[in-house]
Amino acid sequence: MVEPLLTKDEIADLLGVVQQEGQGTPQPSEKKTSGTTAPVREFNLFQRNNVADGQRRLPNLDVILDSFAQTLSVSLTNQLQRTFQILPQSIDAMTFRQYMETRENGVATGVLQLAPLKNGALLSFTPGLSFAIIEIMFGAALNVTPLELKRKLTTIEMHVLHSVMTNVCTEFDKSMEAIIPLKSSVIKIESDPSLLSITDPEAEVLIGRFTVGIGSISGTMEIIFPLSTFEPLREQFKNLLKSNRATHGGWADHIAEDVVEMPLTLIAQSGELSLPVRKILDMKVGDIIDIDYDPIAPLKVLVEDRLKFFAVSGVHNKKKVIHLTGVYEKGARHGRISR
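Letter 277 of the sequence shown, counting from 1, is numbered 281 in this note's numbering, and no numbers are missing.
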């Protein structure tokens, strides 16, 4: 006796699907009765310059700081022989007085000169990050828990941080090359806020914040500069992405390059039949099924369920192949072959 092709469980599953399809599916216009929808903000990959952001008073400053964070991660990893991960956190705007009032006590802050620009900048590390870097530079073991000291840095400790801050200046200069050639340097390092002054108290400053990770240790680095420092360079910042697209291509080019590498499903199909469920359930080995198409006609070649080509099957170099014989063209009821 010939066994059926489908088991009882498979038949039950098939009938269940048929019943569900008969009940219909909710229309897209139907509203869900539960759950919340997250807010969505449109972002145009092809017109990033047109995206407004209140936190970024200087166009494309985030692009500069993203590049800066990436190169600095590599540079500090090489300098201190520990894995550094530096990620941009935010770009905030406020007056210099407001910033000084909100800053944490005991923060090691370097006063930077950004030659040839008129104003300088500040570079700060949170206390935990400062002490962690100092311990690493003194040769602390990888598994040693960093100290959490509630005091200001000593003169010697600030001198030790000088080389790291100099490295930060070097990488910042590299990230600014597309805007202006800079030669930044560390003038001094202070932990007393009263000794820090790079602009008028009511002048607006931009604060770029970064999360710095060294293994299990995490801290914050900030770079602060008056908005007036880069105000004369606003056009260069605004045109930054345009110049990058001219030399490296934009999002459209990157997407076009990646799309051609996407995998697609190719199906060589001799034909298709429509049968009632009853006949499918009764099928068994040895059955003969009538077809309503020419079995020796060219195969239909579908790309992701869309008919694109016609072909014949065969053997080439001892391999089973299909030979494309035509291209499907729209126009006729079932298309026509273009050879």
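Note that the Cβ used here is the ideal one computed from N, Cα and C, for glycine as well.
query	result
With a threshold of 16 other CB atoms inside 10 Å of the CB of K288, please say whether the residue is buried or exposed.	exposed
For a quick check, are the C-beta atoms of A272 and L311 less than 8 Å apart?	no
Out of E175, A16, G217, L186, point me to the one whose CA is closest to R86's CA.	G217
With DSSP as the reference, label K35 as helix, strand or coil.	Low local confidence applies: a pLDDT of 48 at K35 is under 50, so the model's placement there is unreliable, with the coordinate-based value given in what follows. It is coil, neither helix nor strand.
Tell me whether F176 is buried or exposed, calling it buried when 16 or more other Cβ atoms sit within 10 Å of its Cβ.	buried
Helix, strand or coil, according to DSSP, for Q240 in the structure here?	helix
Specify the secondary structure class of G330 as computed by DSSP and reduced to three states.	strand
For G143 and A136, what's the separation of their Cα atoms in angstroms?	11 Å
Hey, quick one: how far does the beta strand (DSSP E) through K304 stretch, first residue to last?	303 to 307
Three or more C-beta pairs under 8 Å: does that hold for the region 200 to 215 against the region 99 to 106?	yes
Using the Cβ count rule (16 or more neighbours within 10 Å means buried), how would you classify P230?	buried
Assuming L270 contacts V305 under a Cβ cut-off of 8 Å, what Cβ separation, rounded to an integer in Å, is found between them?	7 Å
Residues in its own chain within less than 6 Å of S128 by CB, not counting five upstream and five downstream?	V111, T113, E226
Would DSSP call A112 helix, strand or coil?	strand
Apart from the five residues just before and just after F72, which ones in its own chain have a Cβ nearer than 7 Å to its Cβ?	E175, F176, S179
With distances taken from CA atoms, which of T81, L69, A16, D17 is nearest F241?	L69
By how many angstroms is the C-alpha of L277 removed from the C-alpha of H327?	24 Å
Is V115 closer than 8 Å to K192 when the C-beta atoms are compared?	yes
Under three-state DSSP, which class holds R52?	Residue placement at R52 cannot be trusted, given a pLDDT of 46 that sits under 50; what the coordinates show is reported in the next sentence. R52: helix per DSSP, three-state reduction.
Leaving out five residues on either side along the sequence, give the residues of the same chain with a beta carbon under 8 Å from the beta carbon of T81.	T87, F88
Is the distance from the Cβ of V344 to the Cβ of I138 below 8 Å?	Past the boundaries of the shown model lies residue 344; the chain is included only from 5 to 343, so the question cannot be answered.
Quick check: the Cα distance between G124 and P267, rounded to an integer number of angstroms?	52 Å
Let me make sure I understand the geometry here. Which of I140, A182, P63 has the alpha-carbon closest to that of S167?	I140
Classify R310 as helix, strand or coil using the three-state DSSP reduction.	strand
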